[in-house]
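Each protein sequence line maps, in turn, to chains A and B.
Counting in the numbering used here, the first sequence runs from 2 upward without gaps.
Counting in the numbering used here, the second sequence runs from 5 upward without gaps.
Glycine included, each C-beta is placed from N, C-alpha and C at the ideal position.
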Amino acid sequence: MMICALDEALAQDAKFKPELTVIGTTSGGMSFGEDYYRSLHRHDRLWRAPSWIANYPPQKAVIDAQETFGISAPCQVIANACASGTNAIGHAFECVRSGKYQGVLTGGYDALSELVFVGFDSLQAATPEKCRPFDRDRTGMVLGEGAAIFALENFESAQSRGARILAEIIGYGLSTDNFHLTQPEPSGSGPRQAMEQALRSAGLSAGAIDYINAHGTATPFNDAAEGKAIAQLFGRVPVSSTKGMMGHSLGGAGAIEAIFCLLALQNQFLPPNINFRAPDDDVDLDIVANESRPAKIDIVLSNSFGFGGTNASIVMQKFTA
Amino acid sequence: MSLRIAGAGWITPLGRGVKNVWERLLRGEEAVAQTISEALEKKKYPVFPVPSDALKDLPPHSRLRRASAISRFAAAAGLDALADSGMKIDAEISNRMALVFAVSNGGVIYTRRFYHDVVTSGAQSASPLLFPETVFNAPASHLAAILGITGASYTLVGDGAVGILAIKMAADLMENETLDYCLVVGAEEADWLLCDAYHRWRLLKSTPPIEPFHEPPRGMILSEGAGAVLLAREGTVEIDKIHPGANFSRREKASEQMTRILSDLAAAKAEMIIASANGTFVDLAERNAVLHETPEAVVYAPKPALGESVGPSAIWQVIIAAQALRTKRLPPLLHANSKVALHVSGPAGEKISASSAIVLSCSVNQQMAGLRLSI
């Protein structure tokens with residue numbers, strides 16, 4: 002998946018030369034670890050163990066993908082649970098904005114694995130039916146998998162070499178919510194802090210945001226806390242979670258959802274929040290229910306939150322030549 | 005921007021506390037190996053564990069009630085680093101502090117237990133208490149909660165070089181003037197499964213000691229623990245250059261990449277190298293790089309004494325480099341090949357007058373990095 006995503010990114014800009022790679026993931030090569038453990042348990046096929054073990058570390062997929070395309074940038078692999086992808090893009094953005102780096106390759110990936118699937122099921126966070134973000138009768142998430150990669154470059158540098166600029170990242174905020182290892186603080190203070198910081202980083206007020214791509218996992222706890230934070234901070238800005246369509250790809254989610262934002266900015270539409278039937282009684286949100294909407298949007302915000310109380314938000318802006 | 009070490013915390017197989025561990029290293033002591041076994045397989049492996057009494061003074065905290073050893077090691081090292089700096093953490097300080105956590109294998113004990121239940125008894129036996137502790141950032145989350153850090157907290161995953169990559173990330177974060185401090189913590193816990201994995205990868209030695217710079221390499225022994233450095237803009241030891249790191253896809257390329265890193269760090273003169281030699285192929289890469297770039301530098305490698313802890317190993321090396329610069333002494337390099345052409349720290353250790361030290365980290369899964377300290 003990393004190779005496919007990187008291939009697509011580089012096909013649009015083969016001249017991009019990153020000085021650093023920052024990628025988010027939660028479980029890296031977990032399925033290789035599972036193969037190894039099951040093999041130990043069965044005393045079978047252990048001759049394959051060295052290959053499984055070598056492919057288990059999260060940095061391996063990143064280094065292999067880079068090598069496929071002749072890239073040798075040092076790799077920082079962020080594992081901040083489900084916020085990893087947005088944290089990676091946000092940190093890459095800060096690295097470029099500081100002037101220390103001209104170009105950073107960034108994004109996130111995660112692949113389905115039995116351990117993670119069973120883990121979310123054990124927490125009763127996974128639903129046996131449809132994923133219904135922000136719906137009053139939501140029953141949980143559906144896991145997904147995937148990868149998304151961005152070539153992030155200093156504006157002047159990209160412009161001077163004639164690169165096709167797809168959008169701008171203009172703000173990043175993050176916070177750590179120390180309430181519980183797996184549950185958000187119910188009032189949504191952690192997400193709110195991350196979104197406020199992202200706005201400050203972008204030099205914007207809440208009213209400047211035209212659309213929010215929410216973390217929206219469809220778990221009762223996340224959507225309640227995130228919904229409250231969005232309603233308090235932004236009022237009735239259009240909101241959707243695209244996880245109903247794509248599933249929750251954990252460390253890849255933030256990067257995949259940043260691409261939703263990029264496409265929304267390029268094509269001037271609001272992505273839909275599918276499987277939505279009725280709103281929560283106590284949270285007043287403008288959910289982009291079930292169908293996409295055409296809209297004039299210039300600035301969007303994307304949220305990702307994760308276990309360990311990690312919260313991350315980025316602000317993206319439409320690029321006008 | 006000036007980046008300095010304001011405090012350090014150390015949990016190792018030679019005990020807890022920078023002063024204590026440092027004195028033991030100077031005396032040429034080495035960790036005592038224990039054998040660990042597992043019902044799955046008959047194979048037994050030696051490891052260097054953290055002594056059981058090392059955490060007896062760790063203050064109780066609700067987050068640590070069910071936490072695995074890795075989180076306890078991290079909490080102890082983080083709290084010790086803050087205490088070493090003389091800082092009393094309050095809301096104002098924690099708001100201006102970031103946490104960067106370096107890890108390689110993470111909470112492997114609970115991960116193995118969790119998945120073992122799934123494999124042997126089915127998905128319905130999966131524990132909702134264990135699963136959250138299997139996530140890579142669980143130890144960082146516990147430490148952030150204990151310290152009251154509500155801002156930036158990052159968990160970086162990598163191999164033995166990840167500690168230096170974490171310090172590099174901390175340096176990038178501290179470009180932001182809203183931060184005054186960055187606590188960089190590395191931690192790992194030893195487990196039979198890790199030993200078996202490294203054994204099958206032909207990197208593990210069946211009995212101690214670790215013998216650095218031998219040809220052919222004889223293998224490493226795993227260890228566990230944590231290391232923490234509190235980075236600030238003031239302090240006696242400065243991190244004056246960090247190489248952002250490099251990857252090597254084939255072992256034969258490791259020497260070439262390490263030589264480039266050392267060349268970049270030793271632009272003026274390198275007086276002292278704290279190496280990552282662990283008895284595997286990485287030793288050759290380091291030896292070749294040092295012989296090519298800085299043949300006069302005195303070389304010390306701590307892994308024969310402390311074992312290969314992977315996640316915290318590079319932070320342990322940074323603590324050693326800082327201690328050597330402060331105390332003007334270097335511990336003896338244990339069990340080194342007597343024919344190695346390097347100027348290694350001798351049997352009685354070395355009195356040094358160095359004002360700078362280079363830390364190199366070349367690890368077994370494709371990453372390497374380095375940094376330079378000065379006093």
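* **Rounded straight-line distance, which links the Cα of A/Phe306 to that of B/Gln128** => 27 Å
* Cutoff 8 Å: A/His249 Cβ touching any chain B Cβ -> By this cut-off, A/His249 is not an interface position.
* At least 3 beta-carbon pairs within less than 8 Å: the region 281-294 of chain B vs the region 210-230 of chain B -> yes
* Might you give, ordered along the chain, the residues of its own chain that have their beta carbon closer than 8 Å to the beta carbon of B/Leu68, omitting 5 neighbours on each side? => Leu62, Ser75, Arg76, Ala79, His146, Ile150
* Contact with chain B by A/Ala148, beta-carbon distance below 8 Å -> no
* Where does B/Phe217 fall in DSSP's three states? -> coil
* To do: Go through its chain and collect everything with a Cβ distance to A/Glu154's Cβ below 6 Å, but skip five positions before and after it.
  => Gly104
* Note down, in chain order, each residue of its chain lying with its Cβ closer than 6 Å to the Cβ of A/Lys131, except the 5 sequence neighbours on either side. => Hits under 6 Å: Asn276.
* Going by beta carbon distance, what residues of the same chain come within less than 7 Å of B/Glu300, once the five residues before and after it are set aside? -> In its chain, beyond the 5 residues on either side, His347 have a beta carbon closer than 7 Å to the beta carbon of B/Glu300.
* If I'm right that A/Asn304 touches A/Ala215 with Cβ under 8 Å, what's the distance once you round it to whole angstroms? => 5 Å
* Asked: Whole beta strand (DSSP E) runs in the region 89-155 of chain A with 3 or more residues, listed along the chain?
  -> 104-111, 147-154
* Since A/Ser73 meets chain B, which of its residues come closer than 8 Å, beta carbon to beta carbon? -> Chain B residues near A/Ser73: Ala250, Asn251.
* Terminal residues of the continuous beta strand (DSSP E) containing B/Trp14? -> 8-16
* To do: Counting only the same chain and skipping the five closest in sequence on each side, list residues whose C-beta sits under 6 Å from that of B/His296.
  => Thr263
* Which whole-angstrom value is the C-beta distance of A/Ile54 and B/Ala201, which I expect to be below 8 Å? -> 5 Å
* To do: Could you give the DSSP three-state label for B/Phe285: helix, strand or coil?
  => coil
* Under 8 Å Cβ-Cβ, which residues of chain B neighbour A/Tyr37? -> Against chain B, a Cβ distance below 8 Å from A/Tyr37 picks out Ala201.
* Terminal residues of the alpha helix (DSSP H) in which A/Cys83 lies -> A/Cys83 -> no alpha helix (DSSP H), and no H or E assigned at all.
* To do: Any chance you could list the alpha helix (DSSP H) runs of at least 4 consecutive residues sitting entirely within the region 170-211 of chain B, in chain order?
  => Annotation: the region 170-211 of chain B contains the following complete segments of the alpha helix (DSSP H) (minimum length 4 residues), in chain order: 196-204.
* Cβ-Cβ separation, B/Ala305 to B/Ser280 (assumed contact under 8 Å), whole Å -> 7 Å
* Against chain A: residues of the region 133-160 of chain B by CB proximity under 8 Å -> Phe135, Pro136, Glu137, Thr138, Val139, Phe140, Asn141, Ala142, Ala144, Ser145, His146, Ala148, Ala149, Gly152, Ile153, Thr154, Gly155, Ala156, Ser157, Tyr158, Thr159, Leu160
* **Spatially closest choice to B/Arg255 from B/Lys343, B/Gly231, B/Ala361, B/Val368, by CA coordinates** => B/Val368
* Asked: Looking at chain B, which residues of the region 122-135 of chain A have a Cβ within less than 8 Å of any of its Cβ atoms?
  -> From the region 122-135 of chain A, only Asp122, Ser123, Leu124, Gln125 have a Cβ closer than 8 Å to chain B.
* Asked: Between A/Ile64 and B/Asn251, is the Cβ-Cβ spacing less than 8 Å?
  -> It is a contact, given that the beta carbons lie within the stated cut-off.
* Taking C-beta pairs closer than 9 Å, name the residues in chain B that A/Pro59 reaches, listed in chain order. => Using a Cβ-Cβ cut-off of 9 Å, A/Pro59 is close to Phe140, Val161, Gly162 of chain B, given in chain order.
* **9 Å Cβ cut-off: residues of chain B touching A/His42** => Leu44, His120, Val123, Thr124
* From A/Val119 to B/Arg28, what distance separates their C-alpha atoms? -> 45 Å
* Ordered list of beta strand (DSSP E) runs contained in the region 210-297 of chain A, each at least 3 residues -> 212-214, 239-241
* To do: Establish whether the CB of B/Met173 and some CB of chain A are separated by less than 8 Å.
  => yes
* **N- and C-terminal bounds of the beta strand (DSSP E) containing B/Ile243** => 241-251
* Asked: Is there at least one Cβ from chain B nearer than 8 Å to A/Ile79's Cβ?
  -> yes
* **Segment limits, alpha helix (DSSP H) that includes B/Val322** => 317-331
* Asked: Between which two residues does the alpha helix (DSSP H) containing B/Tyr304 stretch?
  -> Not the alpha helix (DSSP H): B/Tyr304 falls in the beta strand (DSSP E), residues 302-304.
* **Whole runs of the alpha helix (DSSP H) within the region 93-150 of chain B, excluding any shorter than 4 residues** => 95-99, 112-125, 135-138
* Taking C-beta to C-beta, are A/Ala256 and A/Gly108 nearer than 8 Å? -> yes
* **N- and C-terminal bounds of the beta strand (DSSP E) containing A/Gly25** => 21-25
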